[in-house]
Every structure is written in structure tokens, then in C-alpha cells.
Amino acid sequence: MSPKVSIGLPVFNGQKYLKKTINSILVQTYKNFELIISDNLSNDETKEICKSYKKKDNRIKYIRQKKHISSLANYEFTLNSARGDYFMWIAADD
Numbered sequence: 003m004s005p006k007v008s009i010g011l012p013v014f015n016g017q018k019y020l021k022k023t024i025n026s027i028l029v030q031t032y033k034n035f036e037l038i039i040s041d042n043l044s045n046d047e048t049k050e051i052c053k054s055y056k057k058k059d060n061r062i063k064y065i066r067q068k069k070h071i072s073s074l075a076n077y078e079f080t081l082n083s084a085r086g087d088y089f090m091w092i093a094a095d096d
């Protein structure tokens, strides 16, 4: 079953606020969503944070880019990965 809502989170070196941001999504009362995290080859703890959350919640889709791409390309990649009927953005520091 496809999620009703896709939430796109393109990120690069977002470790400072990433846990707080992901937690704010996971505590929502609406549950039929997917969280798409597109990591633009971060060189901080972003990868480890995302992998640990992905293990805990199957609504999280974590993709790590193979090479660093432009911010716009990372946003486009995130949007194109969505499967939901509705889409919204969130930033790692929201």
C-alpha cells in the first residue's frame, strides 16, 4: 500500500538538528506517510543518524547519494522518489 503523504528531507551535514527534525515527524498523529531522506554525501554523523532511525521505523526511506550533487538536484531527486498522493518538504533544521 502506498503512503498517502510523502515528506521530503534533502540533507547535507545536518547532524546538529536532524534527530529533532525526524522526531518531530515521527510523533505526529497521522501515520500514513513516508519520510524520504536524501543525504547529499554528508561528511558528519548524518548517515549514522539516518540509518539508526531507518532501523526503527519502516516509513523512513534513506538514500545516500553516491557523489555530491547540487542542492537543486538533491531536491529534485527527493521529489522524484515520492510515492504518496501528497507531498511536503521539511528541512533538516526545521
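Using this note's numbering, the letters of the sequence shown map in sequence onto residues 3 to 96. From the three backbone atoms N, C-alpha and C, an ideal C-beta is built for every residue, glycine too.
In the DSSP assignment, no residue is bridged to Val29. Residue burial is scored here from C-beta neighbours: Tyr88 has fewer than 16 other C-beta atoms within 10 angstroms and is therefore classed as exposed. Going by DSSP, Ser72 is part of no alpha helix (DSSP H) at all; its letter is neither H nor E.
The Cβ neighbour count for Lys63, taken over all protein chains shown within 10 Å, is at least 16; the residue is labelled buried. In this chain, the alpha helix (DSSP H) harbouring Glu50 covers Thr48 to Lys58.
Here Ile92 is not bridged, per DSSP, to any residue.
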